[in-house]
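Novice: Per the UniProt record's numbering: the sequence shown = residues 1 to 622.
Just so you know, even glycine gets a beta-carbon here, dropped at the ideal spot from N, CA and C.
Here the structure is a predicted model, which means the values were calculated and not measured.
The structure follows.
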Amino acid sequence: MNTRCYTVLLLLLFQSIYAKSQDDPDNIELASSSETFEFQYKQKQVSVKQLIQKDFVCNSFRATIPFSEPYNNQEEITDLTIYTDGRKNKELAPKYDYLNIDEYFFSDQKICYFNLPFYKQGAHNEVKIEKAIHDPRYLTTVYLTDYYPSKQKTITLIVPRWMDIDIHEFHFENQKIRKEKTYDKDRDADIYTYTAVNMPAMKKSAMSPGPSWLYPHLLIRSKSSDYKGEKTVYFNTTNDLYKWCRNLATQLHPDTAVLGARAREITSGIPDKFDQLKAVFYWVEENIRYIAFEDGLAGFRPDEAHEVMRKKYGDCKGMANLTKELLLACGLDARLCWIGTNHIMYDHSIPSLNADNHMICAVKYNNKWWFLDATEKYMQPGIYAERIAGRQVMIENGEDVLLESIPATTAAQNARIFKESLAIEGNNMTGKIQYKYNGESKSDLLYNINLTKKDRLQTALESYITNKNSHYKISNIKTTQLDQRDGDLEVSFDLLYPDAISAFGKDMYIDIDYNKEYNNAVVDTVKRKTDIRLDCKNNYITETELAIPAGYKITSLPEDLHISTPNFMFDISYKATGNKINYRKQLQINNTYLQKTAFGDWNKAVAALSKKYLEQITLTQQ
Numbered sequence: 001m002n003t004r005c006y007t008v009l010l011l012l013l014f015q016s017i018y019a020k021s022q023d024d025p026d027n028i029e030l031a032s033s034s035e036t037f038e039f040q041y042k043q044k045q046v047s048v049k050q051l052i053q054k055d056f057v058c059n060s061f062r063a064t065i066p067f068s069e070p071y072n073n074q075e076e077i078t079d080l081t082i083y084t085d086g087r088k089n090k091e092l093a094p095k096y097d098y099l100n101i102d103e104y105f106f107s108d109q110k111i112c113y114f115n116l117p118f119y120k121q122g123a124h125n126e127v128k129i130e131k132a133i134h135d136p137r138y139l140t141t142v143y144l145t146d147y148y149p150s151k152q153k154t155i156t157l158i159v160p161r162w163m164d165i166d167i168h169e170f171h172f173e174n175q176k177i178r179k180e181k182t183y184d185k186d187r188d189a190d191i192y193t194y195t196a197v198n199m200p201a202m203k204k205s206a207m208s209p210g211p212s213w214l215y216p217h218l219l220i221r222s223k224s225s226d227y228k229g230e231k232t233v234y235f236n237t238t239n240d241l242y243k244w245c246r247n248l249a250t251q252l253h254p255d256t257a258v259l260g261a262r263a264r265e266i267t268s269g270i271p272d273k274f275d276q277l278k279a280v281f282y283w284v285e286e287n288i289r290y291i292a293f294e295d296g297l298a299g300f301r302p303d304e305a306h307e308v309m310r311k312k313y314g315d316c317k318g319m320a321n322l323t324k325e326l327l328l329a330c331g332l333d334a335r336l337c338w339i340g341t342n343h344i345m346y347d348h349s350i351p352s353l354n355a356d357n358h359m360i361c362a363v364k365y366n367n368k369w370w371f372l373d374a375t376e377k378y379m380q381p382g383i384y385a386e387r388i389a390g391r392q393v394m395i396e397n398g399e400d401v402l403l404e405s406i407p408a409t410t411a412a413q414n415a416r417i418f419k420e421s422l423a424i425e426g427n428n429m430t431g432k433i434q435y436k437y438n439g440e441s442k443s444d445l446l447y448n449i450n451l452t453k454k455d456r457l458q459t460a461l462e463s464y465i466t467n468k469n470s471h472y473k474i475s476n477i478k479t480t481q482l483d484q485r486d487g488d489l490e491v492s493f494d495l496l497y498p499d500a501i502s503a504f505g506k507d508m509y510i511d512i513d514y515n516k517e518y519n520n521a522v523v524d525t526v527k528r529k530t531d532i533r534l535d536c537k538n539n540y541i542t543e544t545e546l547a548i549p550a551g552y553k554i555t556s557l558p559e560d561l562h563i564s565t566p567n568f569m570f571d572i573s574y575k576a577t578g579n580k581i582n583y584r585k586q587l588q589i590n591n592t593y594l595q596k597t598a599f600g601d602w603n604k605a606v607a608a609l610s611k612k613y614l615e616q617i618t619l620t621q622q
């Protein structure tokens, strides 16, 4: 094998094929595709033999597509053969490489990849792969769709009677999927066959939910085996899953002397235990670089805490473990937690490795659980990111599992409040502005501006506040500390909005809103094939007071806008009080999961909002 180390996109790890040619999705398709999984008992242990067959056909013009297949320490590629137009292709040389992310090396994640050329219309390339899954726990999700359209895909499970599994079926509704169960007397095995026909390609779209929310698939759970009296329990219960995860964690050997010294350094001069908790949490956030490694099933064992501290980088498991060990050194009740983010649809009611894709730390303090995710930069205790909010969490708890839920969040947590006092000067609008950010609106701002060098921090802040809109200018910026995690972040500045006023004769037309969030943010229902997952429950609140120039009166104010659905609320009002106009806007997201069936309501609301943004206040000289 060629084991030179290449930097490979993380995306390739999780997709057997990624759709470089999806710009023309009809050019390459799968004439047939199949995956067979057979449980076997060899050398006193259960393994799974996996056979993969994919026959690609070119429908029109010549093309080259990338093909990749992930593997790791638990999944071995034992054979791979490529056939071009029915003949074995000896010229294509697959590469077998380790995975790097930004030059950081992960030894347990590997990938086989190569390019498949199609030189003419009607050309076929068939790929056959044989894999050995050494531990049946690692056989989890199997999709009935691919990253190219598929005329037919077949999934076959060969399950000897000595093996006990559960097969969970998801998103089979309104799909052309046929299920068949037969018995093979020679093998003494039940054979489950799923055949799907004319399946569209899985799409990679911005802001998509994870694939488990969208596409028909099987979740296979190995419960136990009993081969001639040799019994093994896998994931029969949630407690079995917990014990397996915890066993990996108990194999760690933290350097308590080194960790204790660092904990004392971090908390020096901080007597209060909760303040110590925050100090440690913020130190890990600030000093350990997060290397995203989502859905990596092979890497369930956390890295040693002292090694994460030494290297100054880690994945979620290593960062959670470091947070835990530093807090233990402070005398706090800190524990590891396993959690599935909202990227996946399952919780621990199905004990499977696919129920978890993330690890955090929990601390029991004053009879309350505090969940600490140091991968979320600039987040304070008690404020939870949308991806984990409301999700079930499995907490380290001795021999028995402890299940809790992260507190659910509302849009109130993420308020971004703009208070504006505006005046008209000629054709321009000027004003004194105060912005206040909290929750994820605050952490997003701090994260983005702190990506830049310190000497460009002011420029980055201006760019963020104006959303790179060159139509208005800000100056005299004042802020609270830009590395402060506790409390709200406040920003004040002077505004100059050139040409916000249009004058014709005695009439003056005013565009009072210079931010216009969600303007024209309609969903293209023709091109968009998947639901939408928004990043967080945004809550934009704008309160504007505009002074009416002397000698002018209000001729017309736009009508108010009130749109409220279970998923979102758009609310705009105008009110005249004395010589001032009060404009209030609140745009609030209540549910970050927007199904395709809700696109119509969203587009209708956005169209009304965008139209409202075009309406102007009219003042007339008396």
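In terms of DSSP beta bridges, what is R533 paired with?
Specialist: DSSP lists Y593 as partners of R533.
Novice: Between the beta-carbon of E130 and the beta-carbon of I77, is there less than 9 angstroms?
Specialist: yes
Novice: Can you give me the C-alpha to C-alpha distance between L609 and K585, rounded to a whole angstrom?
Specialist: 11 angstroms
Novice: Please state if the CB of I617 and the CB of Y447 are separated by a distance shorter than 9 angstroms.
Specialist: Not in contact: Y447 and I617 (Cβ atoms no closer than 9 angstroms).
Novice: Which two residues bound the contiguous alpha helix (DSSP H) that contains G600?
Specialist: Here the alpha helix (DSSP H) through G600 covers 599-614.
Novice: So, is the C-beta of D303 closer than 9 angstroms to a C-beta in chain D?
Specialist: The chain inventory of the structure shown lacks chain D, comprising one protein chain alone.
Novice: Tell me the DSSP secondary structure of H306 in three-state form.
Specialist: helix
Novice: Check whether the region 376-383 touches the region 220-229, counting contact only when three or more Cβ pairs, one atom from each stretch, lie closer than 8 angstroms.
Specialist: Contact between the region 376-383 and the region 220-229 is absent, because fewer than three Cβ pairs lie under 8 angstroms.
Novice: Quick one: any contact between the region 256-266 and the region 318-338, if contact means 3 or more CB pairs under 8 angstroms?
Specialist: yes
Novice: How is D275 classed by DSSP in three states: helix, strand or coil?
Specialist: helix
Novice: Which same chain residues end up closer than 7 angstroms to A521 when comparing Cβ atoms and leaving out the 5 residues on each side of it in sequence?
Specialist: V606
Novice: If you draw a straight line from the alpha carbon of W162 to that of E396, how long is it in whole angstroms?
Specialist: Their Cα atoms are separated by approximately 32 angstroms.
Novice: When the Cα atoms are used, what is the spatial distance from P160 to Y138?
Specialist: 18 angstroms
Novice: In the region 225-253, which residue ranges form an unbroken alpha helix (DSSP H) of at least 4 residues, counting only runs that do not cross its ends?
Specialist: 238-250
Novice: From which residue to which residue does the beta strand (DSSP E) around T544 run?
Specialist: 539-547
Novice: Please state if the CB of Q595 and the CB of M569 are separated by a distance shorter than 9 angstroms.
Specialist: no
Novice: Can you list, in chain order, the residues of its chain with a C-beta nearer than 6 angstroms to that of I477? Leave out the 5 residues immediately preceding and following it.
Specialist: F493
Novice: Mapping DSSP to helix, strand and coil, what is P94?
Specialist: coil
Novice: Excluding the five sequence neighbours on either side, which residues of its own chain have a C-beta within less than 7 angstroms of the C-beta of M319, listed in chain order?
Specialist: Only V284, I288, Y290, V308, A374, T375 meet the Cβ criterion.
Novice: Here's a check: name, in chain order, each residue in its chain whose Cβ is nearer than 7 angstroms to the Cβ of residue 623, leaving out the five neighbours to either side.
Specialist: Residue coverage of the chain in this structure runs from 1 to 622, which leaves residue 623 outside it and unanswerable.
Novice: Going by the CB atoms, is the gap between I417 and T541 shorter than 9 angstroms?
Specialist: For the record, residue 541 in the displayed sequence is Ile; it is not Thr. Cβ distance < 9 angstroms, so I541 and I417 count as in contact.
Novice: Would you report the Cα separation of Y365 and F281, rounded to the nearest angstrom?
Specialist: 14 angstroms
Novice: Name, in chain order, the residues that DSSP records as bridge partners for G431.
Specialist: L422, L495
Novice: Under the DSSP definition of a beta bridge, which residues are partnered with R87?
Specialist: T84
Novice: Can you tell me the Cα-Cα spacing of Y497 and K553, whole angstroms?
Specialist: 22 angstroms
Novice: Mind checking who Y143 pairs with in its DSSP beta bridge?
Specialist: Paired residues: H217.
Novice: Just how far apart, CA to CA, sit K243 and T250?
Specialist: 10 angstroms
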